[in-house]
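Per this note's numbering: the sequence shown = residues 848 to 1008.
All C-beta atoms in this analysis are idealised placements derived from N, C-alpha and C, irrespective of residue type, glycine included.
The structure appears right after this line, and notes come after that.
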Amino acid sequence: MGKWNKGKRKQQTPSQSQISSRSPSPSRYSASAVPQHYANANIERILQLAQINANEVVIDARKERTKKLKTAHAEADKDVLKHRNEKDKEFLKIEEELEDKMEMITKKIDGETNAQIDVLAGSANQKKIDLVKQLVRMVCNIKPSVHPNFLLMKSANALDN
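Here's what the structure looks like:
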């Protein structure tokens, strides 16, 4: 044995008696009776099939999730639209009520203003006659007198001389 073969055992081939003692009965076949490379190949094939199956399950789950998300999004859009329409109706109703109130208030204020204008116009007509009489009396009743500023100027000129 070379230095690379240290610790390795030589493979022994089964003897004829060992081979003949193995009978091909079905109860004797087990996983240990199947050659190792076939078992590994079967396990690998089973794992590949399981992985493919798992990938399909994941893909189906993603598709289902996407479908549910789209459905939920569509329902949410419908709910938002319904809510918006309700709020628009409420807004229009409130706006109409406010317009009616504003119209009533405007009519009330216009009525009060017109009443006050009528009172002032009547009072002005009554006072106008008295005012005209007073102006005529003042214009016609003349009292000649010297203006006070003129007297002050005259006295100031007398002092300067």
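Check	Outcome
HIS930 by DSSP, collapsed to three states: which one?	helix
Can you tell me which of the three DSSP states SER864 falls into?	Any reading at SER864 is ruled out, since the residue's pLDDT is 48, under 50, leaving its predicted position unreliable.
So, for PHE997: in the same chain, excluding its five sequence neighbours on each side, which residues have a beta-carbon less than 6 Å away from its beta-carbon?	none
Give me, in chain order, the residues of the same chain whose beta-carbon lies closer than 6 Å to that of GLU942; leave out the 5 immediate sequence neighbours on both sides.	none
With H, G and I counted as helix, E and B as strand and the rest as coil, what does DSSP make of SER992?	coil
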